[in-house]
Ligand code: SF4
Ligand code: SF4
């Protein structure tokens with residue numbers, strides 16, 4: 101039994117409290133609805149149905165409350181993030197101004213798919229808020245049965261492991277599929293994620309219908325002299341832990357049987373100065389992952405072990421469109437491509 105209002109229980113303790121943040125943002129209507137939900141043990145929000153901006157069929161997640169006297173609606177904007185999630189501070193300050201004026205003042209960096217999420221806008225403010233964001237060159241992301249907002253790691257901008265230009269590919273594919281992001285026409289969602297290497301910092305293997313994972317097909321580059329600077333005990337430990345047992349270390353020399361190497365990145369991560377990805381760079385394509393679904397979670401299956409990925413990405417786009425067309429024909433409602441396969 102609560103001695104204080106249940107919502108205030110969530111402000112206790114040494115850790116940050118989202119309830120306190122809502123209060124600081126002046127979002128008192130949400131605090132009251134949330135408090136009532138905790139008391140009643142049920143949500144007071146219902147799905148908002150068709151709300152959005154004229155000309156767009158996606159990008160606004162509708163939320164209406166059954167307590168209109170407190171807060172009638174609290175919709176969420178999904179906004180396409182810049183490639184690699186790089187923002188100019190000047191631009192972000194303007195986003196903050198827009199959302200302070202028209203929305204709750206709460207931002208969510210970022211949603212699970214990758215979008216910048218602007219949380220809490222009432223129905224009458226959807227149009228002026230989006231028009232102000234559009235003037236800053238932001239656009240709605242995906243929702244429903246469409247191509248969802250893409251996600252790419254920072255790739256060559258921040259990371260020496262990147263095998264492809266994740267940022268350019270993200271930009272080109274986003275523009276190529278922008279109509280399919282804004283207008284749901286597929287059986288269900290279609291997510292594309294682009295990590296620059298198999299470390300997979302964007303969780304493509306587990307969470308994307310179509311994963312473009314930067315990879316290399318020649319040998320791992322080994323600098324035997326620098327490797328000797330690592331303790332031999334550590335070298336032997338990594339050799340023994342190689343998941344395919346394709347490494348050997350004898351007489352101070354490391355060998356890798358590349359025919360049996362899965363490019364898991366483990367040894368490269370352990371010896372970043374001595375081991376590097378090879379020079380013949382491209383990507384591995386996976387299909388069909390999702391975190392949950394009608395028949396459970398799937399990791400992606402390897403569809404193409406290696407493909408060159410270079411602008412203008414014509415072959416890659418043909419492959420995506422070809423699979424989408426097939427899935428669009430045979431997929432049942434709410435069936436991801438992995439389930440259809
Ligand atoms: S996925 Fe690979 S290339 Fe991209 S940031 Fe992570 S380690 Fe770097
Ligand atoms: S990348 Fe993985 S599989 Fe390949 S040699 Fe290194 S640890 Fe073994």
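Numbering (my numbering), first residue to last: 101 to 441.
Note that the Cβ used here is the ideal one computed from N, Cα and C, for glycine as well.
- Residues lining ligand 1 by the Cβ criterion, that is a Cβ closer than 7 Å to any of its heavy atoms, are 253, 254, 255, 258, 259, 261, 262, 266, 295, 296, 297, 299, 300, 301, 302, 314 in chain order.
- By the criterion of a C-beta distance shorter than 8 Å, residue 272 is surrounded in its chain by 411, 412, 413, once the five residues flanking it on both sides are discounted.
- The continuous alpha helix (DSSP H) containing residue 370 extends over residues 366 to 370.
- Excluding sequence positions up to five before and after residue 230, its CB lies within less than 6 Å of the CB of 153, all in the same chain and listed in chain order.
- The beta carbon of residue 381 lies closer than 6 Å to those of 263, 316 in the same chain, with the five residues before and after it left out.
- About 7 Å separates the Cβ atoms of residue 136 and residue 167, confirming a contact at the 8 Å cut-off.
- Relative to the Cα of residue 220, the nearest Cα in the group 290, 257, 162, 434 belongs to 162.
- With respect to the C-alpha of residue 425, the residue from 214, 396, 247, 178 having the closest C-alpha is 247.
- Between residue 266 and residue 252, the C-beta spacing is below 7 Å.
- Inter-residue distance for residue 419 and residue 393 is about 24 Å (C-alpha atoms, whole angstroms).
- Not one heavy atom of ligand 2 sits closer than 6 Å to the Cβ of residue 176.
- In this structure, the C-beta of residue 366 approaches ligand 2 to less than 6 Å from one of its heavy atoms.
- Around the beta carbon of residue 237, fewer than 16 other beta carbons lie within 10 angstroms, which makes this residue exposed.
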